[in-house]
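Visitor: In the working numbering, the protein residues as written are 12 to 249.
Note that the Cβ used here is the ideal one computed from N, Cα and C, for glycine as well.
Model, not experiment: these values are computed from the prediction.
1. In terms of residues, what are the limits of the beta strand (DSSP E) holding residue 111?
2. Quick one: residues in its chain with C-beta nearer than 6 Å to the C-beta of residue 143, no 5 flanking neighbours on either side, listed in chain order?
3. Could you tell me the alpha carbon to alpha carbon distance between residue 152 and residue 127, rounded to whole angstroms?
4. Taking C-alpha atoms, which residue in 27, 216 and 187 lies nearest to residue 159?
5. Could you tell me whether the Cβ atoms of residue 22 and residue 240 are closer together than 8 Å?
6. Provide the residue span of the beta strand (DSSP E) that contains residue 57, from first to last.
7. Since I believe residue 107 is in contact with residue 234 (beta carbons under 8 Å), could you give me their beta-carbon distance rounded to a whole number of angstroms?
8. For residue 146, count neighbouring Cβ atoms within 10 angstroms of its own Cβ and tell me buried if that reaches 16, exposed if not.
9. Are the beta-carbon atoms belonging to residue 121 and residue 35 less than 8 Å from one another?
10. Checking 8 Å against the spacing of the C-beta atoms, do residue 17 and residue 53 come in under that value?
11. Nearest-angstrom Cα distance between residue 229 and residue 208?
12. Is residue 150 buried or exposed, if buried means 16 or more other CB atoms sit within 10 Å of its CB?
13. Between residue 73 and residue 225, what straight-line distance do the alpha-carbon atoms span, to the nearest angstrom?
14. Which whole runs of the beta strand (DSSP E) in the region 158-240 are 3 residues long or more, in chain order?
15. Residue 26 to residue 199, Cα distance in whole Å?
16. Does DSSP classify residue 253 as helix, strand or coil?
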């Protein structure tokens, strides 16, 4: 496939490496210094754009791709207040948009396990539940998109929790998320259920960015011939 990269930070470079290993061509790289390349012949030759940038620029990047009918794969988080507009473009204008708060295959299996465990633990109110996450110091949003996805999976399945709260303390109806920003940690997420009798926890610990990059490239491959709003549940059939 002809792929354009929008954003060329650490994730963009890792995605480039994986894409080339899988036989794809990077026809254009757009970063903060060359926004004019959205109108280049190289950009227009792309079959898909993979976008990892910043929350404040992501939606404008999607619109530029949609205006040129180029499918988008995005892992940028923190922009979801405009999600309905993206879904509308997919539904009404036949655009293609693949979004994941985390492209790691392991994390997406973790999402599924988290929901299933929450369904079980809904029956046992003696267990309180909280979440811990650790990310690198360059992470812009807090909690992370991954953390919010995990929190939503719990809230949808545990009746006694009403909303998530990024705090060390809260009310009984709050799902507390304890966040840390530390060094170059790619991402650690842990869900903890605790009662007077015992503690039960599940955890995902990313070793590096390779799993995220591979998932993004697999998502780009998956968009070929498809339209609409797509997620990792579609790709992995979870």
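Guide: In this structure, then:
1. Counting along the chain, residue 111 falls outside any beta strand (DSSP E), and DSSP gives it neither H nor E.
2. Closer than 6 Å at the Cβ level, and outside the excluded window around residue 143, lie 189 and 201.
3. So the alpha carbons of these two residues sit roughly 26 Å apart.
4. Cα-wise, what sits closest to residue 159 is 187.
5. Residue 22 is not a Cβ neighbour of residue 240, given a cutoff of 8 Å.
6. Where residue 57 is concerned, there is no enclosing beta strand (DSSP E), given that its DSSP letter is neither H nor E.
7. Right, the Cβ-Cβ distance comes to about 5 Å (below 8 Å), so this counts as a contact.
8. Residue 146 is buried by the Cβ-count criterion.
9. Against a cut-off of 8 Å, the Cβ pair of residue 35 and residue 121 comes out as no contact.
10. Between residue 17 and residue 53, the C-beta gap is not smaller than 8 Å, which leaves the two residues out of contact.
11. The straight-line gap from Cα to Cα measures roughly 43 Å.
12. If you draw a 10 Å sphere on the C-beta of residue 150, you find 16 or more other C-beta atoms in it, and that means buried.
13. Approximately 21 Å between the Cα atoms of the pair.
14. Entirely contained in the region 158-240, the beta strand (DSSP E) runs reaching 3 residues are, in chain order, 174-177, 185-192, 199-205 and 210-216.
15. Take the alpha-carbon of residue 26 and the one of residue 199: they are about 21 Å apart.
16. The structure shown has nothing for residue 253, since the chain only spans 12 to 249.
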